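Novice: So the protein sequences, as listed, match chains A and B. The opening residue of the first sequence carries number 1 in the UniProt record's numbering; numbering runs sequentially from there. The opening residue of the second sequence carries number 1 in the UniProt record's numbering; numbering runs sequentially from there. Sharing a structure with you now.
Number of protein chains: 2
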Amino acid sequence: MSTSFEPSPTESALAPLPTPGLLLDQQRMDRNIARLKQHLRPLGVGLRPHLKTSKSIDIAQRLMATPTGPATVSTLKEAEEFAAAGVKDILYAVGIAPAKLNRAVALRNRGVDLSIVVDNLDQAKAVAAKCRELGVKLPTLIEIDSDGHRAGIQPGDPLLVEIARTLQEGGADPRGIMTHAGGSYDARSEAQLVAAAEQERAAAVQCAEQLRAAGFASPVVSVGSTPTAHFARDLTGVTEVRAGVFVFFDLVMAGIGVCSIDDIAISVLASVIGHQPSKHQILVDAGWMAMSRDRGTANQPVDQYYGLVCDPSGRPYPDLIMRQANQEHGVLEIRPGSSAPLPDLPVGSLVRILPNHACATAAQHTYYNVLSEGRVVAKWPRIASGW
Amino acid sequence: MSTSFEPSPTESALAPLPTPGLLLDQQRMDRNIARLKQHLRPLGVGLRPHLKTSKSIDIAQRLMATPTGPATVSTLKEAEEFAAAGVKDILYAVGIAPAKLNRAVALRNRGVDLSIVVDNLDQAKAVAAKCRELGVKLPTLIEIDSDGHRAGIQPGDPLLVEIARTLQEGGADPRGIMTHAGGSYDARSEAQLVAAAEQERAAAVQCAEQLRAAGFASPVVSVGSTPTAHFARDLTGVTEVRAGVFVFFDLVMAGIGVCSIDDIAISVLASVIGHQPSKHQILVDAGWMAMSRDRGTANQPVDQYYGLVCDPSGRPYPDLIMRQANQEHGVLEIRPGSSAPLPDLPVGSLVRILPNHACATAAQHTYYNVLSEGRVVAKWPRIASGW
């Protein structure tokens, strides 16, 4: 929500970089990280940052409270890569497939406090069987569905206690509750965001109480999504908050009202390669391979198509968007209905394109070109992709 | 259009593979390659396969007429990677940004016959200046816009000759014409596909004649898109055909009528991780990170959402599609309006999901699990991603 006053990188500072390429504005990222940590501090709850957005060891170290965690990941590959870099406290936050249990145990045997997630009895039985088979004690959170968004059991369902009991009887460690308020992405006002956060908290706490009433200590009550993390007013009963995309923010988050355009810390650098004057189009060398195919703003009040186009210093051109994306071509146009002029961008001009969805756009790249105080200061690799 | 009779991989053959993972059915791929080569042979025109779809040296060797080419690429990174693997005749088929010319020259200096593409005078001047500066002769095709789809100058525009003259005066080698009938993706009948192919051919040949009338030999007339390559009835005047996605095919190509579902050679293997019985949903561990965000069938008569779901042998379940995709979660449902039953797929079951767009889905992975005669026989890496 703040305005950006940092010095702007000049076209000459960016000119040596290959295009398309991923840029990261370090001051904006640092500001985004500080904002969420400051928001959570008076609420008395720590952050377990989701590393799936950045997938970078350099960035993880800025996100985590300590060099060893806590952290959240979306794949066991991420868990393995971050563990190899010294992270010791990791939640794998996607309901586990039984065939992945051996890899999870292998990580724990390397000294990583990895916890896993289940939301049904079949998974719980598989976890219990694996614990029995290998004589290990897998810490397991039970996912609940706080808003009908995706995975998780319904609050109040007696299945919750049955899952915890199944886990415990097999020798697993039912550590508590986790939920993700993915439905908060549909919020369109501050009041709705605040309500989504409270709904998430209340559902998670209610389920933890249900477990405790049945004799399970449930020390962990883990909630989170970037919108609810920023708009929670009270986190009583919650023990940790997870969030990922806040580190960079993006056009979807700006469209929801969680950040402003000026907070978006990543962009894709592209070169103008041609024009179609009769169609008022500018062609650039960044297509969906560089931006991703994400169209997350398509159903928001302002559709940003494949991204909002900025000058090399990061200032948006009025209503200039990437209207079409092919694999390595992007077509820039003025947003339909706008009377803004098409800027004069000769062949070879550089532009920066803000992404709809930071997780998806960053995933198309292997490293970050880090900008600080208007200069390119570092190249931070992303961890190996894949599963 | 043929029916598949190859032996089916069993669930037990696939069980050792990590999920999500990319599967490649070698028999289907070989059949797709043979089909296009057989179609082009009587038309007297060779194939310059586009390697951007597979980005694999193993697959390139099956696509190309000889171990050294010819080949088409969409980035200089691809050109560099395939050149390092011995490919010598490469067309970089995206209009070049002036800042990339040094890399293009460096490849030529390593003995690669790399040709580049321009479609405007600014690019031609930049190419000419680089040729003068370095004393090199860059082979350059001029892109024309045969169907209003994207890049290229309009057929009949006198600019064509001016670009050729600018190139030649600087010491570059204006080798001829290239075009890409991307508009053929909107075709909805065989007659429209045949017409799109003829429109592409006629425009390219007309422009080559325009160049020849002005004194430029224009030995290359390069056309192509997967739909037009398969439906061309006559290629008089054309010297080469480019196509990429045909090697795998996908749901978009099936929707256009270029192939059948049984021809699609890649799929994403996923594990069932849960259910939402009240919403008739099955959750799997493949989301958009494994499938891509491509929704290329959204505007086709049959919307396949994020992909069509098959059993482990590759047979589609009736109307079972991936309705929603998050980063590492996919939500399977029966297609809206269908009365097909939701299959009984317990936690841990394996499914294979056919992609909307093979180029986009394959790009989310780092290797292919190659299936042949129902067994996993190889792991073929994709070249390094990035630019």
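All residues carry an ideal CB built from backbone N, CA and C; glycine is no exception. In this text, all values refer to a predicted model and were calculated from it rather than measured experimentally.
In the structure shown, what three-state DSSP assignment does residue 220 of chain B receive?
Specialist: Reduced to three states, the DSSP call for residue 220 of chain B is strand.
Novice: Take every Cβ of the region 343-357 of chain A, pair it with every Cβ of the region 314-333 of chain A, and state whether three or more of those distances are shorter than 8 Å.
Specialist: A contact exists between the region 343-357 of chain A and the region 314-333 of chain A.
Novice: With burial defined as no fewer than 16 other Cβ atoms inside 10 Å of the residue's Cβ, what is the status of residue 392 of chain B: buried or exposed?
Specialist: Since the first residue shown for chain B is 1 and the last is 387, residue 392 of chain B is missing from the structure and cannot be characterised.
Novice: Out of curiosity, what's the CA-to-CA distance linking residue 229 of chain B and residue 201 of chain B?
Specialist: So the two alpha carbons sit approximately 10 Å from each other.
Novice: To which residues of the same chain is residue 2 of chain B closer than 6 Å at the C-beta, ignoring the five residues directly before and after it?
Specialist: Reliability of the predicted coordinates at residue 2 of chain B is poor, the pLDDT of 41 falling under 50, and no value is obtained from them.
Novice: If you draw a straight line from the C-alpha of residue 235 of chain B to the C-alpha of residue 68 of chain B, how long is it?
Specialist: Approximately 24 Å between the Cα atoms of the pair.
Novice: What did DSSP end up calling residue 287 of chain A once you bin it into helix, strand or coil?
Specialist: In this structure, residue 287 of chain A counts as coil in the three-state DSSP scheme.
Novice: With a threshold of 7 Å between beta-carbons, can residue 366 of chain B be considered close to chain A, or not?
Specialist: So yes, residue 366 of chain B belongs to the interface.
Novice: Relative to chain A, which residues along the region 57-77 of chain B have a C-beta separation below 9 Å, given in chain order?
Specialist: Result list: 74, 75, 76 and 77.
Novice: Just to confirm before moving on: does the CB-CB distance between residue 140 of chain A and residue 161 of chain A stay below 7 Å?
Specialist: Contact: no.
Novice: Is there a C-beta anywhere in chain A that falls below 7 Å from the one on residue 328 of chain B?
Specialist: Closer than 7 Å: yes.
Novice: Taking Cβ-Cβ distances shorter than 7 Å, what residues in chain B pair up with residue 259 of chain A?
Specialist: The contacting residues do not exist; residue 259 of chain A stays about 19 Å from chain B at best.
Novice: Checking 7 Å against the spacing of the C-beta atoms, do residue 54 of chain B and residue 91 of chain B come in under that value?
Specialist: In this structure, residue 91 of chain B does not lie closer than 7 Å to residue 54 of chain B by Cβ.
Novice: Could you tell me whether the Cβ of residue 380 of chain B comes closer than 7 Å to any Cβ of chain A?
Specialist: No, residue 380 of chain B does not count as interfacial toward chain A.
Novice: Can you tell me whether DSSP reads residue 109 of chain A as helix, strand or coil?
Specialist: It is helical.
Novice: For the alpha helix (DSSP H) that residue 64 of chain B lies in, which residues bound it at each end?
Specialist: That residue, residue 64 of chain B, is in no alpha helix (DSSP H); it is neither H nor E in DSSP.
Novice: Using a C-beta to C-beta distance shorter than 8 Å, which residues of chain A count as neighbours of residue 102 of chain B?
Specialist: Going along chain A, no residue has its Cβ under 8 Å from residue 102 of chain B, so there is no contact; the nearest lies around 11 Å.
Novice: Just to check, is the beta-carbon of residue 114 of chain A closer than 6 Å to a non-hydrogen atom of the ligand GTP?
Specialist: No copy of the ligand GTP occurs in the structure displayed, which carries no ligand at all.
Novice: Check the C-beta distance from residue 376 of chain A over to residue 121 of chain A and give it rounded, since I have them as a contact under 8 Å.
Specialist: Rounded, the Cβ-Cβ distance is 52 Å, inconsistent with contact.
Novice: If you compare alpha carbons, which of A:168, A:13, A:158 and A:312 is closest to residue 217 of chain A?
Specialist: Nearest C-alpha to residue 217 of chain A: A:168.
Novice: What do you reckon, are the CB atoms on residue 358 of chain B and residue 250 of chain B nearer than 7 Å?
Specialist: In this structure, residue 250 of chain B lies closer than 7 Å to residue 358 of chain B by Cβ.
Novice: Can you give the Cα-Cα distance for residue 286 of chain A and residue 19 of chain A, rounded to whole angstroms?
Specialist: In a straight line, the C-alpha of residue 286 of chain A is about 7 Å away from that of residue 19 of chain A.
Novice: Would residue 119 of chain A count as contacting chain B if we go by Cβ distances under 7 Å?
Specialist: Output row for residue 119 of chain A: interface = yes.
Novice: What residues in its chain sit with their C-beta under 6 Å from that of residue 381 of chain A, if we drop five residues either side in the sequence?
Specialist: 367.
Novice: Sort out for me which residues DSSP pairs residue 143 of chain A with in a bridge.
Specialist: For residue 143 of chain A, which the question treats as bridged, DSSP gives the partners A:178.
Novice: In the structure shown, what three-state DSSP assignment does residue 22 of chain B receive?
Specialist: If DSSP states are grouped into helix, strand and coil, residue 22 of chain B belongs with the strands.
Novice: Out of A:330, A:276 and A:361, which has the shortest C-alpha to C-alpha gap to residue 296 of chain A?
Specialist: Ranking the options by Cα distance to residue 296 of chain A, first place goes to A:361.
Novice: May I ask you to report which of helix, strand or coil DSSP gives residue 55 of chain A?
Specialist: In this structure, residue 55 of chain A counts as coil in the three-state DSSP scheme.
Novice: What span of residues does the alpha helix (DSSP H) with residue 256 of chain B cover, start to end?
Specialist: First-last of the alpha helix (DSSP H) with residue 256 of chain B: 251-256.
Novice: Can you confirm whether residue 271 of chain B, when its beta carbon is compared against all beta carbons of chain A, has any partner nearer than 7 Å?
Specialist: Yes, residue 271 of chain B lies at the interface with chain A (some Cβ there is under 7 Å from its Cβ).
Novice: Residue 276 of chain B bridges to which residues according to DSSP?
Specialist: BP columns for residue 276 of chain B point to B:281.
Novice: Could you tell me which residues DSSP puts in a beta bridge with residue 352 of chain A?
Specialist: DSSP, once it has assigned bridges, lists A:269 and A:310 as partnering residue 352 of chain A.
Novice: Note down the Cα distance separating residue 379 of chain B from residue 158 of chain B, rounded to an integer number of angstroms.
Specialist: Taking the straight line joining both Cα atoms gives about 51 Å.
Novice: Since residue 101 of chain A and residue 130 of chain A are thought to touch, with beta carbons under 8 Å apart, how far apart are those beta carbons, to the nearest angstrom?
Specialist: So it is a contact: roughly 4 Å between Cβ atoms.
Novice: By DSSP's criteria, residue 330 of chain A is part of a beta bridge. Which residues make up the other side?
Specialist: According to DSSP, residue 330 of chain A bridges with A:284 and A:325.
Novice: Within 8 Å, do at least three Cβ pairs link the region 210-227 of chain B to the region 184-191 of chain B?
Specialist: With the cut-off at 8 Å, the region 184-191 of chain B and the region 210-227 of chain B touch.
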